[in-house]
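Throughout, the working numbering is defined as the position within the sequence shown, counted from one, plus 145.
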Amino acid sequence: MSDASEVFAKIPDLGYSEHRPATDPKAFDAIIRARRSVRVYDSTPIPESVMREVLEWTLLAPNSSNLQCWEFYWVRSPEKKKTLAYYCFNQPAARTSQELVVAVARPWHWKKHARQMLEVFKEGEAQGHKIPASAKAYYAKLAPMVYTQGFLSSIGFLKKIAFFFIGLFRVITREPTNYSQMRLWGAKSVALACENFMLGMSAHGFDTCPMEGFDSKRVKKLLKLKGCDEVVMVISCGKRADNGVYGQRVRFPDSQFIREV
Ligand SMILES: Cc1cc2nc3c(=O)[nH]c(=O)nc-3n(C[C@H](O)[C@H](O)[C@H](O)COP(=O)(O)O)c2cc1C
């Protein structure tokens, strides 16, 4: 079994550097504070260009191993939108929204995407870019070792036992070793992308509401998803109506959650 710390610890000599563009914390503060979960929208449409730009920002979110095991369904058909709102229990946040986006984790796309990444590397090398051997080894060898779970997680189970014993002597990756951990793995990256989406909408002066109040089985059927996919959340969008925000934001004291250790 290859040693993950070998891959993680090495700093590759790439001869590449990227300057950090200037950013505006005040603008970010305004965007983040303007985002509220909005439950009632008015009839202002969202321009298609805004949707497209914000969806593009969504895909710029960090994601595990850069395997991009996510999909975002912008539900545009009026019938499907109505059905989706119904599957969201007709919550006003869904029913009154201008647009609905379903954020889905598709963890089983790791294999296809690992191959795609190796193709990207090949193209990069053909153009004279330096691709570290460790990056190629990551997608060709380590990713299959980490993400392959086998029938009924049988391989995952064997990995779990192996990780336990090897882990007694050295630092080792522990998860994912079964189907639900794969879904959790995918959902983490999707959730980050959802925040990009909601902040992007906020930057454009539009509102959103993330929803997990939906019938996941029916939503999957509507979008022709598979059982192993995870509908992480449905996000409604639009411009808030006067009664769109139900009250002042409530957060418990910072000291309850921020631990300096
Ligand atoms: C994963 C997730 C699921 C949520 N599901 C719903 C939902 O189904 N319906 C709803 O009205 N709000 C939903 N919310 C919104 C939360 O209630 C809201 O974020 C929280 O009350 C804090 O308010 P704020 O977003 O305005 O800061 C959800 C939020 C998250 C992150």
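The beta carbon of each residue, even a glycine, is placed where N, CA and C say it ideally should be.
- Fully contained in the stretch 282-348 are the following alpha helix (DSSP H) runs of length 4 or more, in chain order: 288-292, 299-311 and 324-348.
- When secondary structure is reduced to three states using DSSP, glycine 358 falls in the coil class, being assigned neither helix nor strand.
- In the three-state reduction of the DSSP assignment, glycine 269 falls in the helix class.
- By the CB criterion at 8 Å, valine 195 and phenylalanine 351 fall inside the cutoff.
- Collapsing the DSSP output to three states places phenylalanine 397 in coil.
- Residues of the same chain with a CB within less than 6 Å of the CB of tyrosine 292, apart from the 5 flanking positions on each side, are Trp255 in chain order.
- Contact between leucine 200 and phenylalanine 173 fails: their C-beta atoms lie close to 20 Å from each other, not under 8 Å.
- Here DSSP, grouped into helix, strand and coil, assigns valine 195 to helix.
- Counted as a single uninterrupted DSSP element, the alpha helix (DSSP H) harbouring isoleucine 177 occupies residues 170-179.
- DSSP links phenylalanine 217 through a beta bridge to Ala248.
- Between the alpha carbons of isoleucine 317 and aspartate 169 lies a distance of about 39 Å.
- Pairing valine 335 with tryptophan 215, the inter-Cα distance amounts to about 6 Å.
- Separation of the CB atoms of valine 183 and arginine 394 is rounded to 12 Å, and the pair is thereby denied contact status at 8 Å.
- Looking only at Lys365, Lys225, Ala348 and Asn341, the smallest Cα-Cα distance to proline 355 is reached by Asn341.
- If you compare the alpha carbons of Thr189, Asn388 and Tyr283 with that of serine 210, the shortest gap goes to Tyr283.
- For tyrosine 186, the pairing in a beta bridge is given by DSSP as Arg385.
- In this structure, the straight-line span from the alpha carbon of threonine 228 to that of tryptophan 330 is close to 29 Å.
- Exposure of leucine 313 is indicated by the presence of fewer than 16 other C-beta atoms within 10 angstroms of its C-beta.
- Collapsing the DSSP output to three states places glutamate 224 in a helix.
- By the 16-neighbour rule on beta-carbons within 10 angstroms, isoleucine 306 is exposed.
- The three-state secondary structure of valine 406, taken from DSSP, is coil.
- Residue environment: leucine 344 is assigned as buried (16 or more neighbouring CB atoms within 10 Å of its CB, all protein chains considered).
- Asparagine 323 sits buried, since 16 or more C-beta atoms from the chains shown fall within 10 Å of its C-beta.
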